[in-house]
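Q: Residues 1 to 354 (the UniProt record's numbering) make up the sequence shown, in order. The C-beta atom is built at its ideal place from N, Cα and C for all residues, glycine as well. Quick caveat: nothing in here was measured; it's all calculated off a predicted structure. So that we are looking at the same thing, I have put the structure below in structure tokens.
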Amino acid sequence: MSKETKQDDNNLTPRAPQNQKNEEKTFANKEILPKMKKIESEEPSHLQLNEKFLKRWSIEGLIGKGGYGEIYLAVDVVKGEEVAIKVEPKKRRGKLAKRMILEQHVMFKMQGKPHVPLIFGSGYTEKINFIIMQILSINVGDIKKSNPNKRLSQCSVGRIIHQSITALRDLHETGYVHRDVKPANMCFGIYPSSRHILILLDFGLVRRYKLDSGEWREPRVRAGFRGTTRYVSIRVHRRCEQSPYDDLVSVMYTSYELLSGELPWKHLEKSEEVLQLKEIMTENGVNPELFKGEKSVLMDFFKMVSETDPYKTPNYDQLIECIKVLYSPKTLTDPYEWEENHKSTDECSEENSK
Numbered sequence: 001m002s003k004e005t006k007q008d009d010n011n012l013t014p015r016a017p018q019n020q021k022n023e024e025k026t027f028a029n030k031e032i033l034p035k036m037k038k039i040e041s042e043e044p045s046h047l048q049l050n051e052k053f054l055k056r057w058s059i060e061g062l063i064g065k066g067g068y069g070e071i072y073l074a075v076d077v078v079k080g081e082e083v084a085i086k087v088e089p090k091k092r093r094g095k096l097a098k099r100m101i102l103e104q105h106v107m108f109k110m111q112g113k114p115h116v117p118l119i120f121g122s123g124y125t126e127k128i129n130f131i132i133m134q135i136l137s138i139n140v141g142d143i144k145k146s147n148p149n150k151r152l153s154q155c156s157v158g159r160i161i162h163q164s165i166t167a168l169r170d171l172h173e174t175g176y177v178h179r180d181v182k183p184a185n186m187c188f189g190i191y192p193s194s195r196h197i198l199i200l201l202d203f204g205l206v207r208r209y210k211l212d213s214g215e216w217r218e219p220r221v222r223a224g225f226r227g228t229t230r231y232v233s234i235r236v237h238r239r240c241e242q243s244p245y246d247d248l249v250s251v252m253y254t255s256y257e258l259l260s261g262e263l264p265w266k267h268l269e270k271s272e273e274v275l276q277l278k279e280i281m282t283e284n285g286v287n288p289e290l291f292k293g294e295k296s297v298l299m300d301f302f303k304m305v306s307e308t309d310p311y312k313t314p315n316y317d318q319l320i321e322c323i324k325v326l327y328s329p330k331t332l333t334d335p336y337e338w339e340e341n342h343k344s345t346d347e348c349s350e351e352n353s354k
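This is the structure in structure tokens:
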């Protein structure tokens with residue numbers, strides 16, 4: 001997609017470059033490209049530098065590591081294209097690991113949707129499970145941290161949240177809830193055809209909430225805690241069964257963090273204390289004391305999400321219309337602030353303040 005092309009906001013479509021070797025990585029700010037991490041010699045690594053994985057993909061380096069596995073940058077020696085290879089040990093604590101099996105199942109079901117990574121293959125070896133997918137930018141949380149003021153502009157936040165809602169609608173329509181929505185699980189493409197498309201990641205905690213018939217599953221009386229404490233809903237703290245509503249609450253908290261730089265409970269360590277502040281923020285209506293200054297533009301969005309019925313399908317279109325106010329008059333295909341052809345002023349804020 002060229003930068004001159006305009007599309008309807010709701011019609012972003014995935015575009016896989018036919019030949020990534022010839023397609024320029026368009027982020028002028030090199031901090032946005034995935035970074036190589038040092039492979040510690042004393043720690044066992046699932047794949048080795050310069051290894052030719054399955055005789056097809058040359059391992060260039062480690063670009064991500066977490067409690068459940070690793071992500072490597074690799075080059076397809078047949079097509080010359082860069083890919084990401086996500087791996088996890090086949091067994092964890094002596095038991096078969098199922099997290100990635102579920103993840104690849106959901107990702108394959110969603111291929112063709114714009115906000116999931118393109119998958120080139122998946123499978124397992126004697127020791128690992130793996131998914132080979134499209135290479136992406138660093139995550140949105142790290143993009144925020146790379147900014148001098150450690151936050152993103154109103155224009156960028158509005159468009160990120162719009163696309164997050166669309167991504168979740170696609171997931172929810174397949175019958176699953178994500179249960180770990182946060183900036184660290186959002187990225188962008190790195191090529192001209194995908195640089196404005198937000199990609200939702202890490203489907204390892206998904207849970208089916210809806211049957212093939214469309215009927216919702218009976219909620220458990222008490223559900224286990226799933227998610228990241230900073231971003232989960234009040235209901236998750238109270239061990240309620242998660243629904244699409246809870247994913248949207250995580251998007252709500254994400255919008256606040258990206259725009260202001262941090263959430264009010266960032267420095268709290270105890271889950272009970274985080275819950276108390278979340279209750280103060282929205283339990284008895286949106287608390288204006290926590291929405292002063294630039295954050296005031298989020299009050300209507302917070303109110304709309306908070307008033308959504310957890311046991312009904314959300315009105316995604318209404319939520320999107322509410323968040324569009326943040327980035328008007330821009331569109332989803334206009335440059336973001338980390339692109340070299342982005343204007344230095346936040347046109348959205350200026351336009352909305354007139």
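1. Can you tell me where the beta strand (DSSP E) holding residue 75 begins and where it ends?
2. Does DSSP put residue 186 in a helix, a strand or coil?
3. Report all residues from its chain with a CB closer than 6 Å to the CB of residue 73; omit the five preceding and five following residues, and keep chain order.
4. Contact check, residue 247 vs residue 177 under 8 Å by CB: the rounded distance?
5. Compare the C-alpha of residue 171 against each of 297, 115, 287 and 326 and name the closest.
6. Leaving aside the five residues before and after residue 150 along the sequence, list all residues of the same chain whose C-beta is less than 7 Å from its C-beta, in chain order.
7. Got a sec, what are the start and stop residues for the beta strand (DSSP E) residue 83 sits in?
8. What residues match up with residue 134 in a beta bridge as DSSP calls it?
9. Would residue 336 pass as a contact of residue 154 if the rule is Cβ separation under 9 Å?
10. Report yes if the CB atom of residue 301 is closer than 9 Å to the CB atom of residue 322, and no otherwise.
11. Should residue 250 go down as buried or exposed, given a rule of 16 or more other Cβ atoms within 10 Å for buried?
12. Got a sec, what are the start and stop residues for the beta strand (DSSP E) residue 332 sits in?
13. Counting pairs of Cβ atoms below 8 Å between the region 231 to 248 and the region 200 to 216, do you hit three or more?
14. Quick check: the Cα distance between residue 160 and residue 213, rounded to an integer number of angstroms?
15. Based on the DSSP output, what are the partners of residue 177 in its beta bridges?
16. List the residues that DSSP assigns as beta-bridge partners of residue 65.
17. Looking at residue 90: is its Cβ nearer than 9 Å to the Cβ of residue 147?
18. Reducing DSSP to helix, strand and coil, say where residue 108 ends up.
19. Compute the distance between the beta-carbons of residue 84 and residue 36, then report whether it is under 9 Å.
20. Quick one, are the C-beta atoms of residue 71 and residue 79 less than 9 Å apart?
21. Take residue 282 and list the residues in its own chain whose beta-carbon comes closer than 7 Å to its own, dropping the five residues that flank it on each side.
22. Kindly indicate which three-state DSSP category residue 124 falls into: helix, strand or coil?
23. Cutting at 7 Å between CB atoms, please list the residues of its own chain near residue 53, excluding the five before and the five after it.
24. Taking residue 174 and residue 109 to be in contact with their CB atoms under 8 Å, please state how far apart those CB atoms are, rounded to whole angstroms.
A: In short, the structure shows the following:
1. Residue numbering aside, residue 75 sits at position 75 when the sequence shown is read from its first letter. Note, residue 75: beta strand (DSSP E), 70 to 76.
2. The count along the sequence shown starts at 1 and reaches residue 186 at position 186. In the structure shown, residue 186 sits in a strand (DSSP, three-state: E or B).
3. On the sequence shown, residue 73 is found 73 positions in, with the first residue counted as 1. These residues qualify, in order along the chain: 60, 61 and 63.
4. Within the sequence shown, the letter at position 247 stands for residue 247. Within the sequence shown, the letter at position 177 stands for residue 177. At roughly 6 Å, the Cβ-Cβ gap stays under 8 Å, so residue 247 and residue 177 are in contact.
5. Here residue 171 is taken as the residue at index 171 of the sequence shown, counted from 1. The residue among 297, 115, 287 and 326 with its C-alpha nearest the C-alpha of residue 171 is 115.
6. Numbered from its first residue, the sequence shown carries residue 150 at position 150. Around residue 150: 144 and 261.
7. Within the sequence shown, residue 83 is the residue found at index 83, counting from 1. Taken as a continuous stretch (DSSP letters only), the beta strand (DSSP E) holding residue 83 covers 82 to 89.
8. Start at 1 with the first residue of the sequence shown, and residue 134 comes out as number 134. BP columns for residue 134 point to 83.
9. Position 336 of the sequence shown, counted from the start, is the residue given in the question as residue 336. Position 154 of the sequence shown, counted from the start, is the residue given in the question as residue 154. Result no, Cβ atoms of residue 336 and residue 154 do not sit closer than 9 Å.
10. Counting from one through the sequence shown, the residue named residue 301 turns up at place 301. Counting from one through the sequence shown, the residue named residue 322 turns up at place 322. Residue 301 is a Cβ neighbour of residue 322, given a cutoff of 9 Å.
11. The count along the sequence shown starts at 1 and reaches residue 250 at position 250. Around the beta carbon of residue 250, a 10 Å sphere encloses 16 or more other beta carbons of the protein chains shown; the residue is thus reported as buried.
12. Locating residue 332 in the sequence shown gives position 332, counting from the first residue. Where residue 332 is concerned, there is no enclosing beta strand (DSSP E), given that its DSSP letter is neither H nor E.
13. They touch, by the three-pair rule.
14. On the sequence shown, position 160 is the one that residue 160 refers to. On the sequence shown, position 213 is the one that residue 213 refers to. When rounded, the separation of the alpha-carbon atoms in residue 160 and residue 213 is 32 Å.
15. For the purposes of this step, residue 177 is taken as the residue at position 177 of the sequence shown. DSSP lists 207 as partners of residue 177.
16. Start at 1 with the first residue of the sequence shown, and residue 65 comes out as number 65. Looking at the DSSP assignment, residue 65 forms a beta bridge with 70.
17. Start at 1 with the first residue of the sequence shown, and residue 90 comes out as number 90. Start at 1 with the first residue of the sequence shown, and residue 147 comes out as number 147. No, the Cβ-Cβ distance between residue 90 and residue 147 is not below 9 Å.
18. Within the sequence shown, numbered from 1, the residue matching residue 108 stands at position 108. When secondary structure is reduced to three states using DSSP, residue 108 falls in the helix class.
19. In the sequence shown, counting from the first residue as 1, residue 84 sits at position 84. In the sequence shown, counting from the first residue as 1, residue 36 sits at position 36. Going by C-beta atoms, residue 84 is not nearer than 9 Å to residue 36.
20. Here residue 71 corresponds to residue number 71 of the sequence shown, with the count starting at 1. Here residue 79 corresponds to residue number 79 of the sequence shown, with the count starting at 1. Cβ atoms of residue 71 and residue 79: not closer than 9 Å.
21. Start at 1 with the first residue of the sequence shown, and residue 282 comes out as number 282. Excluding residues within five positions, the ones whose Cβ falls inside 7 Å are 302 and 306.
22. The sequence position of residue 124 within the sequence shown is 124, counting from 1. Residue state, collapsed to three classes: strand.
23. One-based indexing of the sequence shown puts residue 53 at position 53. Cβ within range, chain order: 47, 59, 74 and 85.
24. On the sequence shown, residue 174 is found 174 positions in, with the first residue counted as 1. On the sequence shown, residue 109 is found 109 positions in, with the first residue counted as 1. Right, the Cβ-Cβ distance comes to about 5 Å (below 8 Å), so this counts as a contact.
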